[in-house]
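Visitor: Attaching a single structure in structure tokens format; questions to follow.
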Amino acid sequence: MRAKKYWLIPAAALVLGLAGCGADTPETEDEVRFVYARKASVTSFDLHNEITENNAFAIDQVFEPLVMFDEDGVVTDYLADSTISEDGLVYTFVLHDGLKFSNGQDVTAEDVKYSLERHLEVGGPLPIEADIQSIEAVDDRTVVITLNAAYTPFYSELANFSNGIVPKDLNGLSEEEFFAHPVGTGPFMVEEWDPSGDVTFVKNPYYWQEGKPVIDHLVFRYIEDDNQLINQLKAGDVDAADEISFANAKSIADSEDTYVIASEGWEIEELFFNTLDEHFSDVHVRRALALAINREEMMQALTFGYGVTARSVLPSALRYYAGDEIEVLDYDLDRAAEEMKLSAYPDGFQTTISIASGNYVRSQEAQIVVEAGKKIGIDITINAQEIAAFRQDFKNLNYDMMINSAIADYPDANSIFAFQVDPNGFSQCYWTNYKSEEAVALMDLGRTTPDGDERHAVYSSLQQILADDVPYIPFYYPERVHGVRANVAGLVYRPNGSPVFTSVTFK
Amino acid sequence: MNGKKMKPALKTGLCLMGLIVLLAVLGPLVYGYDPYAQDLTAVLLPPSGVHPFGTDQLGRDILARVLYAGRVDLSLMVLAEIAPFTIGVFLGMAAGWFGGKVDWVITLLIDTFIAFPYYLLVIVVAFVTGAGIRGIFITFMLVGWLLYARVAKGMTASLRSQEWVDAARLQGFSDLRIIVREILPNVLPQAVVVLMTDMTGLLVMIVMLGYLGIGISAPTPDWGTMIAEGQTMMTSAWWISVIPGIAVVLTGIALSFIGDGLADLWREDGF
Amino acid sequence: MDSIQTKRNTEEKKRFRHWVRGALFRSLLVIVFVMIAVFFLIRLVPGDPAVMVLGEHASEASLEALRERLGLNLSLPEQFVMFVKNVFLKADTGASIKYGVSSRSLVFKYAPVTLLLVLMATLITVAVSLVLAVLAATHRDQLFDHIIRVIPAFTQGMPVFWTGLLFILLFAVHLHWFPVGGLDKGMLRGLTLPAITVAFGQIPPLVRSLRERLLEVLEADFVVTLKAAGVPSRTILFKHVLRNAFVPSLMLFSVNLSYLIGGTLVVEQVFAVRGVGKLLFEAISNRDFPLVQAIALYCAVFVVVISLVTELIAHKADPRMNK
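Protein chains in written order, with our numbering: chain A, 23 to 529; chain B, 218 to 488; chain C, 7 to 329.
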């Protein structure tokens with residue numbers, strides 16, 4: 023019996039000791055702290071090497087590019103005033119007066135030159151696609167970028183977070199050191215960062231937008247569980263939540279304590295065919311399946327109306343969307359049956375659809391496709407794989423068909439087409455191996471055609487070809503639904519889902 | 218006295234289990250709805266006359282799915298227990314009977330498995346095999362035998378040390394005969410009692426795997442996946458997750474009563 | 007007389023030393039086995055750690071460079087030898103591939119959360135179970151006993167994330183007694199509800215086995231004799247019965263701790279508490295081999311140490327039970 027007591031002493035000490043560790047550092051009362059819940063942690067601030075949202079939206083708080091798009095997706099001058107030469111070859115940027123980094127140091131043309139050149143050198147997942155001849159720092163505040171060939175998307179492309187401005191030579195620090203405590207022109211600086219947990223930002227005292235940001239501290243709180251996210255929002259433990267599930271949107275919208283912000287986005291839920299597959303190399307099979315899926319009903323059932331049924335591979339929120347002009351394979355079982363008859367497999371066949379496991383919406387979409395397949399004699403089995411294995415397989419074109427999503431990184435149609443039409447590009451037509459010379463020619467033409475009706479015509483034809491050939495079936499464009507506490511005002515979102523906190527205040 | 222009182226427990230348990238099995242086997246035949254049939258215009262309907270337990274997000278009838286899932290889960294529950302039960306009882310009896318080095322090695326194996334983080338095994342197996350039934354079989358074969366082995370070992374060792382075993386040996390009975398005729402009949406009841414609890418454990422594990430996104434793959438109806446999928450809608454469409462949840466809890470109750478009842482019955486009978 | 011006493015003492019000490027040596031050897035073997043198992047098991051999972059770090063857009067050259075830096079280009083046996091060598095010679099489990107820092111520091115950073123959670127849950131479990139079991143055993147076959155025996159049947163089929171969610175809705179969202187999740191309102195407060203959730207699932211089977219054990223003791227000859235001798239039943243219960251139930255409950259406590267240490271993932275997730283369970287899940291998802299190995303190793307060491315300590319206490323409390 024005596025042993026029990028001995029054992030209790032270290033146990034009690036441990037409990038007390040550990041409890042002590044958890045104590046919060048007190049904060050001065052008049053400092054305003056805004057807590058934003060997110061479903062993934064921030065693992066890196068290296069803007070030239072990142073693409074995923076968990077990092078991109080954090081990088082957006084710290085670094086800013088020369089030009090930027092607003093809530094409506096319109097790109098405008100941001101850190102500099104620009105002029106573009108008539109022939110579309112020479113871009114001149116004059117930095118705004120008094121622009122400073124968050125450490126107080128002036129932003130110079132050399133910093134801009136270094137930033138873009140580092141990006142060109144690194145390449146990375148969001149490379150600069152324009153064919154750049156030179157980047158010159160003409161004086162302290164003027165940068166001249168010369169292209170070898172006109173490239174209409176270039177201006178929009180510069181709005182990518184990966185074209186943010188960093189100090190020249192990273193202020194002499196190593197990459198590791200610099201990106202552990204990144205210095206940029208953005209509204210916030212990193213105060214405390216746990217790559218497997220939360221990030222706390224503190225406001226940039228040198229921020230160029232007068233009187234902004236209003237809040238002093240911004241916390242990205244990592245909460246993965248959906249229920250936990252909703253309940254913390256309801257209890258007021260967090261001030262806003264990134265991306266709440268559609269199923270919970272209504273209860274957040276209906277509550278007196280909270281409201282939702284839903285924003286039309288640049289995202290597409292999409293089914294991809296492996297066109298090397300014996301069955302799906304047959305265009306009639308692809309067309310048949312597209313005709314057999316009721317995309318309107320799918321969108322309504324899965325998004326609770328927070329979405330738009332897709333009629334093109336280009337999201338409806340982007341310019342040059344032609345879904346209303348082109349002819350689309352809308353739900354029609356009779357026509358689907360006819361297409362199957364035209365195919366090499368009139369009696370149907372067995373195949374699989376790959377999805378990443380643990381993704382509830384994808385699983386629902388896949389089940390709808392399975393039912394649609396049944397109606398035209400295609401027997402589909404769902405192959406739910408762990409995400410890394412799933413990616414590895416589809417990149418090796420080791421799949422029959424799969425469901426995934428695509429998103430425009432910057433507000434230009436080319437952002438989508440470069441990824442989904444170019445068979446020689448990095449993504450091999452989003453790993454479908456779809457090859458259409460006609461489509462590629464139109465994609466190239468679209469890059470050099472100046473904005474206007476002509477470019478519209480080019481992209482309309484391109485969208486029509488894709489709608490006829492069906493290398494992928496765009497399902498719907500989901501909106502993004504964010505939950506916000508009733509006492510919060512001024513939170514806005516860019517169409518790629520990136521939150522802007524500069525005007526956030528508490529009522 | 219105790220045994221007599223608990224016999225109603227056994228009876229209740231068996232009746233409840235019988236009812237559940239009956240529903241799972243005959244239910245889908247009698248009940249008209251196809252568990253796979255979707256109706257995207259009738260999603261998330263609350264329980265009503267048309268759909269007694271409502272519909273899910275794809276407009277499928279929950280009752281039809283719960284009934285059909287009973288077949289999937291109950292058969293999986295029984296089939297996935299065969300390997301761990303057999304392996305566990307065998308290894309446990311071997312350790313208990315032979316003692317010495319055999320015992321040392323088997324106990325070491327048990328200790329290793331206990332020291333190995335449970336979820337590491339579960340997740341790795343699921344990642345390697347992909348979500349689905351195969352993963353559940355392998356995972357449970359790897360972790361399930363421990364409990365049986367410990368019970369069988371303890372029981373065998375205590376029987377081994379009793380005098381009648383030596384007497385039987387002196388009479389010229391072979392080890393195998395003693396094990397099969399005398400030890401096994403004593404070990405099995407104990408193991409079966411454990412089996413009853415463990416089957417509930419297996420059901421709960423399937424539910425957990427569903428929560429982690431590595432459970433039985435869609436569209437096969439399964440209680441675990443249904444519960445996990447519905448849990449984000451607990452406040453808006455409770456029936457998706459609560460109805461299959463009740464099925465799991467009821468099965469757990471039935472198994473628990475049967476286990477208790479059997480334990481009392483056998484305790485009364487002999488040892 | 008003195009010499010006999012001394013002789014007996016030395017013999018006992020000898021036997022004890024022999025036992026300790028054997029137990030230590032076994033423990034070491036268990037740890038080595040766990041190391042072997044985790045090393046090969048995690049490498050069975052498809053997916054390249056270098057791709058997980060550098061992303062899908064990295065060039066083959068940079069991937070190759072990273073693999074070389076991480077030693078992933080070596081053959082499996084070579085990698086294994088390195089792993090074992092570093093662990094035993096330098097007590098080093100390597101740097102985490104994903105986070106770049108030493109895997110040990112990551113484990114130590116998140117371990118306090120999980121340890122405290124497990125400890126709190128176990129204390130609640132054992133305390134509540136003991137009380138309920140004593141009540142059930144002393145009120146045998148009365149209403150109270152029946153209630154205590156029927157409850158497990160209901161709770162056994164309830165998955166942890168369900169109970170957790172229910173507790174959150176009731177105690178945090180409605181009653182505001184506890185935070186919904188996370189630890190920013192203090193570790194002890196933040197972990198109370200998760201610990202209760204874990205305990206909720208652990209108590210029923212424990213009560214059941216403790217009750218059986220207590221009944222056995224209550225029916226034992228010496229208790230009957232004591233009763234006949236007129237010793238008050240309260241004294242019997244506290245002085246004799248509970249003492250006899252101590253060793254088995256200690257064993258349960260230890261098994262419980264071992265079981266929980268690697269099994270808090272779901273609770274951590276439901277309550278948005280970042281502990282070792284979550285770290286492990288992410289490490290596997292990221293194919294962060296050194297981190298997975300480190301977590302498995304430290305968990306194994308923890309389990310082994312706990313079971314050694316309990317065996318030692320049990321040994322002291324009841325020398326008969328170890329030969």
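No residue lacks a Cβ here, since even glycine has one placed at the ideal position from N, Cα and C. Quick caveat: nothing in here was measured; it's all calculated off a predicted structure.
Provide the residue span of the beta strand (DSSP E) that contains A/G505, from first to last.
Guide: It spans R502 to R507 - the beta strand (DSSP E) in which A/G505 sits, taken as one unbroken run.
Visitor: Going by alpha carbons, who is nearest to A/E179 out of A/R477, A/V503, A/G519 and A/I438?
Guide: When only C-alpha atoms are compared, the closest one is A/I438.
Visitor: Less than 8 Å between the CB atoms is what I'm expecting for B/F354 and A/A411, so what's the real figure, rounded?
Guide: That pair is no contact at about 19 Å.
Visitor: Taking C-alpha atoms, which residue in A/G95, A/A394 and A/M424 lies nearest to A/Q407?
Guide: Nearest C-alpha to A/Q407: A/M424.
Visitor: Suppose you measure from the CA of C/A178 to the CA of C/P185; what does that come to, to the nearest Å?
Guide: Cα to Cα, C/A178 sits roughly 6 Å from C/P185.
Visitor: Which parts of the segment 132-191 of chain C are runs of the alpha helix (DSSP H), unbroken and 4 residues or longer, counting only runs that do not cross its ends?
Guide: Taking only runs of at least 4 residues, the alpha helix (DSSP H) segments lying wholly in the segment 132-191 of chain C are 149-161 and 166-173.
Visitor: Please confirm if C/G100 has its CB atom under 7 Å from at least one CB of chain A.
Guide: No, its Cβ sits nowhere closer than 7 Å to a Cβ of chain A.
Visitor: Would you say A/N249 faces chain F, with C-beta separation under 7 Å as the test?
Guide: Although the question refers to chain F, the structure presented lacks it and instead comprises the protein chains A, B and C.
Visitor: For B/Y336 and C/S102, I'd like the C-alpha separation in whole angstroms.
Guide: Distance between the alpha carbons of B/Y336 and C/S102 is about 20 Å.
Visitor: Let's test the definition: count the other Cβ atoms within 10 Å of the Cβ of B/S378 and tell me whether it reaches 16, buried, or not, exposed.
Guide: B/S378 should be labelled exposed.
Visitor: So with Cβ pairs under 7 Å, would you call A/L513 a contact of chain B?
Guide: So, not an interface residue.
Visitor: Give the straight-line distance between the Cα atoms of A/V205 and A/P189, rounded to the nearest whole angstrom.
Guide: One C-alpha to the other measures close to 7 Å.
Visitor: Just how far apart, CA to CA, sit C/L112 and C/I290?
Guide: About 14 Å.
Visitor: Considering just the uninterrupted stretch of the alpha helix (DSSP H) at B/L291, what are its terminal residues?
Guide: Its alpha helix (DSSP H) spans residues I279 to F315.
Visitor: Going residue by residue through the segment 313-366 of chain B, where are the continuous alpha helix (DSSP H) segments of at least 4 residues, counting only ones entirely within it?
Guide: As far as the segment 313-366 of chain B is concerned, its whole alpha helix (DSSP H) runs of at least 4 residues are 317-332 and 335-346.
Visitor: Quickly, what does DSSP pair A/F295 with across the bridge? List them, please.
Guide: Note: A/F295 sits in a beta bridge opposite A/M423.
Visitor: What is the residue span of the alpha helix (DSSP H) that A/A410 lies within?
Guide: It spans I409 to K417 - the alpha helix (DSSP H) in which A/A410 sits, taken as one unbroken run.
Visitor: Going along chain C, which residues have a C-beta under 7 Å from B/Y365?
Guide: Chain C residues near B/Y365: none, gap ~15 Å exceeds 7 Å.
Visitor: Distance check for A/D261 and A/V57, CA to CA, integer angstroms please.
Guide: About 5 Å.
Visitor: From this set, C/S65, C/L149, C/I153 and C/V51, which residue's C-alpha is nearest B/T346's C-alpha?
Guide: Selected option, being the one with the closest Cα: C/V51.
Visitor: Scan the segment 182-197 of chain C for residues whose Cβ lies nearer than 9 Å to a Cβ of chain A and list them as they occur along the chain.
Guide: Per Cβ criterion, the list reads H182, P185, V186, G187, G188, L189, D190, K191, G192, M193, L194, R195, G196 and L197.
Visitor: Give the interface partners of B/S434 over in chain A, defined as CB-CB distance under 9 Å, in chain order.
Guide: Those within 9 Å of B/S434 in chain A are S379, S385, T403, I404, N405 and A406.
Visitor: So, is the C-beta of B/P301 closer than 7 Å to a C-beta in chain C?
Guide: No - not a single Cβ of chain C is within 7 Å of the one on B/P301.
Visitor: With a threshold of 16 other CB atoms inside 10 Å of the CB of A/N446, please say whether the residue is buried or exposed.
Guide: A/N446 comes out exposed.
Visitor: Is there at least one Cβ from chain C nearer than 7 Å to A/C43's Cβ?
Guide: Low per-residue confidence applies at A/C43: pLDDT is 41, beneath 50, and the placement is therefore not dependable, though the value from the model is reported in the following sentence. True, the Cβ-Cβ gap to chain C drops below 7 Å.
Visitor: Within 10 angstroms of the Cβ of C/F114, are there 16 or more other Cβ atoms? Answer buried if so, exposed if not.
Guide: When all chains shown are included, C/F114 counts as exposed.
Visitor: Going by C-alpha to C-alpha distance, which of B/L387, B/V410, B/V368 and B/W440 sits closest to C/P165?
Guide: Minimum Cα distance to C/P165 is reached at B/W440.
Visitor: On the three-pair Cβ rule with 8 Å, is the segment 289-299 of chain B touching the segment 477-486 of chain B?
Guide: Verdict: no, contact absent.
Visitor: Relative to chain C, which residues along the segment 375-397 of chain B have a C-beta separation below 7 Å, given in chain order?
Guide: Hits within the stretch: zero.
Visitor: Does any residue of chain A have a CB that is nearer than 7 Å to the CB of B/S265?
Guide: With 7 Å as the cut-off, B/S265 does not count as an interface residue toward chain A.
Visitor: Let me check understanding here. Comparing Cα to Cα, which of A/P175, A/D162 and A/S303 lies closest to A/I431?
Guide: Note that residue 431 of chain A is Asp in the sequence shown here, rather than Ile. Out of A/P175, A/D162 and A/S303, A/P175 has the C-alpha closest to the C-alpha of A/D431.
Visitor: Rounding to the nearest angstrom, what Cα-Cα distance links A/V212 and A/P235 in this structure?
Guide: Near 14 Å, if we compare the C-alpha coordinates of A/P235 and A/V212.
Visitor: Extract the residue ranges of the beta strand (DSSP E) inside the segment 250-293 of chain A, only unbroken runs of 3 or more that lie entirely within it.
Guide: Correct list: 280-285.
Visitor: Buried or exposed: where does C/M41 fall if 16 or more other Cβ atoms within 10 Å of its Cβ makes it buried?
Guide: Buried, since its Cβ has 16 or more Cβ neighbours within 10 Å.
Visitor: In three-state terms, what does DSSP make of A/M211?
Guide: Strand.
Visitor: Mind listing the chain C neighbours of B/M425? Cutoff is C-beta to C-beta under 8 Å, in chain order.
Guide: Those are P165, V166, F167 and V272, listed as they occur along chain C.
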